[in-house]
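Chemist: Structure below; questions to follow.
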Amino acid sequence: QNLAKLKVEEKPLFVPPVEDVVQALQDGLASYFGSVSVESVECPDLTAEPFCLVTQGLCGSPRVVEVGGVSNFMPLYNPDKIYDLKDFNQLLAVDPVVALGTGAGPFLDNHRCCELLANARISNGEVQSLNRIAKVTNENDRGYIVQFLPKNETKFVLMANLFVSNGKPGKVLKIHCKNRIRDEDFPAAVRKCLAEKFKGKELGLGGVFLVEGSKVCQHIPPEQFSKVPITSPEQLNNWLKFFNMNPPLVFVGTILTHDMGLEMILQHFHSFSSHGEGGHYHFDTDPHTVDYLAYFSLAEKAVHVDRPQCTSTLKVDNIQPTQS
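Oh and the sequence shown: position 295 is 295 in UniProt numbering, straight run, nothing missing.
Written out as structure tokens, the structure is:
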């Protein structure tokens with residue numbers, strides 16, 4: 001893509017005092033989970049296990065970034081929408097950029113469709129990548145494979161939702177929740193608590209969370225994009241492949257409380273693991289035993305790069321696998 005033609009839209013986000021956010025989540029999440037602990041802490045070294053991120057922290061120029069969008073792949077995918085992490089320093093006027101989160105993986109050989117599990121640092125146009133992809137396969141009993149991308153493969157396609165920062169140490173939110181007692185998934189619970197407490201304000205945050213104690217329902221797209229226009233939630237759900245994946249799983253992604261007119265996805269997380277499982281998060285399958293541990297940083301800006309003309313009425317939220 002020609003960088004000069006990529007429109008970059010951004011809006012400031014409300015960043016309340018961290019103690020107000022801690023209190024809002026401590027009070028609010030208690031109606032979603034049986035056990036809740038929220039505090040502001042110095043970010044641990046997230047390069048260490050179990051998180052294995054590309055840099056230690058989540059601080060410095062924090063922002064929630066969407067590139068492209070859903071309308072680039074529904075009703076039909078747009079093969080021209082190819083992006084490159086190498087361009088992020090110039091696009092976002094940030095250096096270094098640490099990009100954590102979700103996207104559509106690059107076109108590889110004949111396998112056109114896969115999930116990107118983004119975990120990369122970009123400085124001066126050079127990319128340090130721990131990016132993985134998740135794709136379906138008939139080569140194992142699982143039906144899918146998660147693998148690292150080659151270090152020189154820095155492209156992705158169609159869309160991405162990324163938490164971007166300088167990757168520096170600093171203060172972050174630590175959220176530890178167990179025993180889910182309502183239907184909302186973990187990111188939705190966090191989002192709704194903040195939206196309720198800070199009415200009329202737009203907040204954003206992102207980073208990483210760990211799931212233990214429960215399998216997680218996740219999806220991976222099939223090998224090829226749909227040749228039939230996807231125009232209904234039923235078509236979308238029938239096209240995707242769903243799997244219950246084993247913990248521990250590490251999730252990276254973003255949360256926004258409101259759209260703000262930028263047509264951005266409000267929550268989007270992808271996972272990876274040390275045991276070869278990963279995909280797009282939907283919900284835990286064992287609410288009474290699930291254990292969530294999150295480290296999130298509040299974002300200062302929401303940024304939408306190359307927002308597509310809205311041709312799809314479908315959202316990521318329309319993906320609704322049946323809860324068991």
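Beta carbons are placed, not taken as given, at the ideal position from N, Cα and C, and that holds for glycine.
1. If you compare alpha carbons, which of Ser31, Gln90 and Glu49 is closest to Asn2?
2. Report yes if the CB atom of Phe283 is closer than 9 Å to the CB atom of Leu249, and no otherwise.
3. Who are Asn78's beta bridge partners in DSSP?
4. Report, in whole angstroms, the separation of the C-beta atoms of Phe33 and Lys178, which I expect to be a contact under 8 Å.
5. Please report the distance separating the alpha-carbon of Gln224 from that of Cys113.
6. Tell me where the beta strand (DSSP E) around Gly103 begins and ends.
7. Near Val65, what residues of its chain come up, given a Cβ to Cβ distance below 6 Å and the 5 sequence neighbours on each side ignored?
8. Assess, as a yes-or-no matter, whether the segment 98-110 is touched by the segment 233-247 under the definition of 3 or more beta carbon pairs within less than 8 Å.
9. Below 7 Å CB to CB, which residues in the same chain sit around Val15 once its five sequence neighbours on both sides are set aside?
10. What is the rounded straight-line gap between the Cα of Ile255 and the Cα of Asp27?
11. When burial is assigned at 16 or more other CB atoms within 10 Å of the CB, is Thr137 buried or exposed?
12. Hey, quick one: how far does the alpha helix (DSSP H) through Asn238 stretch, first residue to last?
13. Can you tell me which of the three DSSP states Glu66 falls into?
14. Roughly how many angstroms separate the alpha carbons of Leu262 and Val67, rounded to a whole number?
15. Please state the DSSP three-state secondary structure of Pro17.
Modeler: This is what the structure gives:
1. Here residue 2 refers to the residue found at position 2 when the sequence shown is read from its first residue. Comparing alpha-carbon positions, the option among Ser31, Gln90 and Glu49 lying closest to Asn2 turns out to be Gln90.
2. In the sequence shown, the residue the question calls residue 283 occupies position 283. In the sequence shown, the residue the question calls residue 249 occupies position 249. At a Cβ-Cβ threshold of 9 Å, Phe283 and Leu249 do not count as neighbours.
3. Within the sequence shown, residue 78 is the residue found at index 78, counting from 1. Looking at the DSSP assignment, Asn78 forms no beta bridge with any residue, so it has no partner.
4. Position 33 of the sequence shown, counted from the start, is the residue given in the question as residue 33. Position 178 of the sequence shown, counted from the start, is the residue given in the question as residue 178. Correct: roughly 6 Å between the Cβ atoms.
5. For this step, residue 224 is matched to residue 224 along the sequence shown. For this step, residue 113 is matched to residue 113 along the sequence shown. Their Cα atoms are separated by approximately 5 Å.
6. Indexing the sequence shown from 1 puts residue 103 at position 103. Counting along the chain, the beta strand (DSSP E) containing Gly103 begins and ends at Val97 to Ala104.
7. As a working note, residue 65 is residue 65 in the sequence shown. Excluding positions up to five away in sequence, the list reads Leu162, Val164 and Val303.
8. With a cut-off of 8 Å on Cβ pairs, the segment 233-247 is not in contact with the segment 98-110, counting fewer than three such pairs.
9. Along the sequence shown, read from residue 1 onward, the residue named residue 15 stands at position 15. Hits under 7 Å: Leu298 and Glu300.
10. Here residue 255 corresponds to residue number 255 of the sequence shown, with the count starting at 1. Here residue 27 corresponds to residue number 27 of the sequence shown, with the count starting at 1. Between Ile255 and Asp27, the C-alpha separation is close to 19 Å.
11. Indexing the sequence shown from 1 puts residue 137 at position 137. By the neighbour-count rule (16 or more Cβ atoms within 10 Å), Thr137 is not buried but exposed.
12. Taking the first residue of the sequence shown as position 1, residue 238 is located at position 238. Start and end: Pro233 to Trp239.
13. Locating residue 66 in the sequence shown gives position 66, where the first residue counts as 1. The three-state reading of DSSP puts Glu66 in strand, counting E and B together.
14. As a working note, residue 262 is residue 262 in the sequence shown. As a working note, residue 67 is residue 67 in the sequence shown. Taking the straight line from one Cα to the other gives about 11 Å.
15. In the sequence shown, the residue the question calls residue 17 occupies position 17. Pro17 falls in the coil class under three-state DSSP.
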